[in-house]
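**Student:** Protein chains in written order, with our numbering: chain A, 1 to 246; chain B, 1 to 246. Dropping the structure in here first, questions after.
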DNA sequence: CGTCCATAATTGGTCCGACCATTGGCCCAA
DNA sequence: TTGGGCCAATGGTCGGACCAATTATGGACG
């Protein structure tokens, strides 16, 4: 078979659902609708778009499944996330990960991405971004000393600032999903009440390597943080003798 | 804020849709249905489950949006991925730019993940996995020589085999999304008709490092592939003088 | 005047029956 | 064997109806 350079997209004859979502995204953009805002009722949409309510509902159902929208019976349909006409929806489906392996898997992804993001951040961050990262670091350190332990929120704010300074929005979104995945099954620190403690000093060294515009140094420090969390996780797992089942 | 150990699942007022999906997942499990298999007609499901076809359709629409299922009018509804009652779906919405920067962003993600996956693969792959990777490599090399150039499909098959051998299903899913994001705006090789050509030899060296159980060597070879594609992309962009807009 | 509660209107959730568009198999003829 | 045309099956859309939860309304009562 000879090469077929053209992907030959299958022709979409019926794209009514997609058309509804496109129109809705355009509407949200023109109206400046953001998360929390309420969008028109299904009946209004059906009337305005000249389609049946069934079609509107099918379209909204898809957005609901993607977590973009929340429907409240008797109240209305509300935006949960910013929507746009050209967005890529990446549904990650994985076997119910309440076991140690799944937690480790999220850390493996983070190991790859956090190192890369830190390196890129050291290359691209401007003075303003570096100042912001420093600020987040200080907030985190303050919270650490006050509460005698790592604080998830402040810790995430710090990492988030680094991702944003990397100039690549994909880092933040993917790692945010890993964070959520991780915390969904990490309600208790597995009996290790100083969980994450060991990773604390590396946050400052990571900041220093970024401020020094040292990509490889920053990457190394970021990897230390992940390795430290991994070690804590293994420690807690060994203590609780987690075997894999929920 | 103090720790709130209980996730507090939002109250599910209406669980009819979910009940349908649960029943369908159970059915798929009992029948041993896998990807590619066709599942019962909407009308049959509605009759069997004692719900209306509308409800069945809403449920299937959610699965369709999650990419678990594919509907073909006039033919039926087919499984695209293994489904299970307790499976975690983490929808991820990414801004999909159509400019050069976005293409580069996907490569930055791949740089982090492919290196990590290659290293893990070298650590964990068993003889069977390594044999499969070798086979995919040979298929790719054969296609390369026959068509005088890289072939996307065979190339992806090779990388996919590596991801699967890494033991972490997240790698394949995330990078698959990056692939899609990349190819969505890369119909033509930007005028570089030997696009990807330079990355060809590194595929074999990558395989050799994996077969030798050399994690860091495998990581290095994987990074060479990404760097090569990046260089090609910059080359094509420079030629076409792409400035960012589509 | 303000508060409280029953009532009505609004809105999403489900159901039904019908029809359309596409697909795929079947049969028959060239 | 091949080709075309017919036809049943299947997903897609439609309109209308009713149910359930929520919210707004407005009057009664302290």
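Cβ coordinates follow ideal geometry from the N, Cα and C atoms, glycine included. Because the structure is a prediction, the values reported are computed rather than measured.
Which residue from A/39, A/23, A/139 and A/144 puts its Cα closest to that of residue 78 of chain A?
**Tutor:** Within the first chain, the letter at position 78 stands for residue 78 of chain A. Selected option, being the one with the closest Cα: A/39.
**Student:** Using a Cβ-Cβ cut-off of 7 Å, state whether residue 150 of chain A counts as contacting chain B.
**Tutor:** In the first chain, counting from the first residue as 1, residue 150 of chain A sits at position 150. No, residue 150 of chain A lies away from the interface with chain B (no Cβ there is under 7 Å from its Cβ).
**Student:** Does residue 232 of chain B pass the burial test, meaning 16 or more other C-beta atoms within 10 Å, or should it be called exposed?
**Tutor:** For the purposes of this step, residue 232 of chain B is identified with residue 232 of the second chain, where counting begins at 1. Per the 10 Å Cβ criterion, buried.
**Student:** In terms of residue numbering, what span does the beta strand (DSSP E) encompassing residue 93 of chain A cover?
**Tutor:** Locating residue 93 of chain A in the first chain gives position 93, where the first residue counts as 1. From DSSP, the beta strand (DSSP E) with residue 93 of chain A extends over 87-95.
**Student:** To which residues of the same chain is residue 132 of chain B closer than 6 Å at the C-beta, ignoring the five residues directly before and after it?
**Tutor:** Residue numbering aside, residue 132 of chain B sits at position 132 when the second chain is read from its first letter. Result list for residue 132 of chain B: 161, in chain order.
**Student:** Excluding five sequence neighbours on each side, which residues of the same chain lie with their C-beta closer than 7 Å to the C-beta of residue 209 of chain B?
**Tutor:** Counting from one through the second chain, the residue named residue 209 of chain B turns up at place 209. Only 122, 217, 218 and 221 meet the Cβ criterion.
**Student:** From residue 202 of chain A to residue 168 of chain B, what does the alpha carbon distance come to, in whole angstroms?
**Tutor:** Translated into positions along the first chain, residue 202 of chain A becomes position 202. Translated into positions along the second chain, residue 168 of chain B becomes position 168. Going by the C-alpha atoms only, they are around 26 Å apart.
**Student:** Cβ of residue 105 of chain A less than 7 Å from any chain B Cβ?
**Tutor:** Position 105 of the first chain holds residue 105 of chain A. Taking Cβ atoms only, chain B reaches closer than 7 Å to residue 105 of chain A, which makes this a yes.
**Student:** Could you please give me the residues that DSSP links to residue 44 of chain A through a beta bridge?
**Tutor:** By 1-based counting over the first chain, the position of residue 44 of chain A is 44. None, per the DSSP bridge assignment.
**Student:** By the criterion of Cβ-Cβ separation under 9 Å, what are the contact partners of residue 159 of chain A in chain B?
**Tutor:** Here residue 159 of chain A refers to the residue found at position 159 when the first chain is read from its first residue. Neighbours of residue 159 of chain A on chain B: none; closest Cβ ~14 Å, over 9 Å.
**Student:** Using a Cβ-Cβ cut-off of 7 Å (strictly less than) and excluding sequence neighbours within five positions of residue 57 of chain A, which residues of its own chain qualify?
**Tutor:** Against the first chain, residue 57 of chain A aligns to sequence position 57. Excluding residues within five positions, the ones whose Cβ falls inside 7 Å are 42.
**Student:** Using three-state DSSP, classify residue 213 of chain B as helix, strand or coil.
**Tutor:** Here residue 213 of chain B corresponds to residue number 213 of the second chain, with the count starting at 1. Reduced to three states, the DSSP call for residue 213 of chain B is coil.
**Student:** Can you pull the chain B residues whose beta carbon is under 8 Å from the beta carbon of residue 58 of chain A, in chain order?
**Tutor:** Residue 58 of chain A sits at position 58 when you count from the first residue of the first chain. 57, 58 and 61, listed in chain order.
**Student:** Below 8 Å, how does it come out for the segment 78-87 of chain B and the segment 46-62 of chain B: are there three or more Cβ pairs, yes or no?
**Tutor:** Verdict: no, contact absent.
**Student:** So, under 8 Å CB-CB, residue 172 of chain B and residue 112 of chain A are touching, yes? Tell me the CB distance rounded to an integer number of Å.
**Tutor:** For the purposes of this step, residue 172 of chain B is taken as residue 172 along the second chain, with counting starting at 1. For the purposes of this step, residue 112 of chain A is taken as residue 112 along the first chain, with counting starting at 1. 13 Å between Cβ atoms; not a contact.
**Student:** Quick one: give me the first and last residue of the beta strand (DSSP E) that residue 76 of chain B is part of.
**Tutor:** Position 76 of the second chain, counted from the start, is the residue given in the question as residue 76 of chain B. Per DSSP, residue 76 of chain B belongs to the beta strand (DSSP E) from 76-79.
**Student:** What alpha helix (DSSP H) runs, 4 residues minimum, are completely inside the segment 27-72 of chain B?
**Tutor:** List check, alpha helix (DSSP H) in window: 42-49 and 53-65.
**Student:** Can you tell which of A/235, A/86 and A/180 has its C-alpha closest to the C-alpha of residue 198 of chain A?
**Tutor:** By 1-based counting over the first chain, the position of residue 198 of chain A is 198. Ranking the options by Cα distance to residue 198 of chain A, first place goes to A/235.
**Student:** Indicate the three-state DSSP secondary structure (helix, strand or coil) for residue 173 of chain B in the structure shown.
**Tutor:** Translated into the one-based positions of the second chain, residue 173 of chain B becomes position 173. Three-state result, residue 173 of chain B: helix.
**Student:** Going by C-alpha distance, which of A/174, A/238, A/163 and A/31 is nearest residue 119 of chain A?
**Tutor:** As a first step, residue 119 of chain A must be located in the first chain, where it is residue number 119. The candidate whose alpha carbon is nearest that of residue 119 of chain A is A/163.
**Student:** For a minimum of 4 consecutive residues, which ranges assigned as the alpha helix (DSSP H) are wholly contained in the segment 90-159 of chain B?
**Tutor:** Entirely contained in the segment 90-159 of chain B, the alpha helix (DSSP H) runs reaching 4 residues are, in chain order, 100-124 and 127-147.
**Student:** For residue 18 of chain A, which option in A/229, A/128 and A/51 has the closest C-alpha, if you only look at C-alpha atoms?
**Tutor:** For the purposes of this step, residue 18 of chain A is taken as residue 18 along the first chain, with counting starting at 1. Considering only alpha carbons, the answer is A/51.
**Student:** Residue 28 of chain B to residue 34 of chain B, Cα distance in whole Å?
**Tutor:** Along the second chain, read from residue 1 onward, the residue named residue 28 of chain B stands at position 28. Along the second chain, read from residue 1 onward, the residue named residue 34 of chain B stands at position 34. C-alpha separation (whole angstroms): 8 Å.
**Student:** Thinking residue 211 of chain A and residue 165 of chain A are a contact (beta carbons under 8 Å), I'd like their distance in whole angstroms, please.
**Tutor:** Sequence index remark: in the first chain, residue 211 of chain A carries index 211 (1-based). Sequence index remark: in the first chain, residue 165 of chain A carries index 165 (1-based). About 11 Å separates the two Cβ atoms, so there is no contact after all.
**Student:** Name the chain B residues that come within less than 8 Å of residue 84 of chain A, Cβ to Cβ?
**Tutor:** Translated into the one-based positions of the first chain, residue 84 of chain A becomes position 84. Under the 8 Å cutoff, chain B gives 95.
**Student:** Select from B/138, B/200, B/154 and B/176 the residue whose C-alpha is nearest the C-alpha of residue 284 of chain B.
**Tutor:** Only positions 1 to 246 of chain B appear in this structure, which leaves residue 284 of chain B out of reach.
**Student:** With DSSP as the reference, label residue 82 of chain B as helix, strand or coil.
**Tutor:** By one-based count along the second chain, residue 82 of chain B stands at place 82. DSSP places residue 82 of chain B in coil when its eight states are reduced to three.
**Student:** Any C-beta of chain B within less than 7 Å: which residues of the segment 135-148 of chain A qualify?
**Tutor:** Those would be none; no residue qualifies.
**Student:** Taking a cut of 9 Å between CB atoms, which residues from the segment 158-181 of chain A lie near chain B?
**Tutor:** Listed by position, the residues of the segment 158-181 of chain A near chain B (Cβ gap below 9 Å) are 166, 167, 168, 169, 170, 171, 173, 174, 176, 177, 178, 180 and 181.
**Student:** How should residue 26 of chain A be labelled, buried or exposed, when 16 other C-beta atoms within 10 angstroms of its C-beta is the threshold for buried?
**Tutor:** By 1-based counting over the first chain, the position of residue 26 of chain A is 26. So residue 26 of chain A counts as exposed.
**Student:** Listing by chain order, which chain B residues have their CB less than 8 Å from the CB of residue 111 of chain A?
**Tutor:** Taking the first chain and counting its residues from 1, the one referred to as residue 111 of chain A is at position 111. Within 8 Å Cβ-Cβ: 116.
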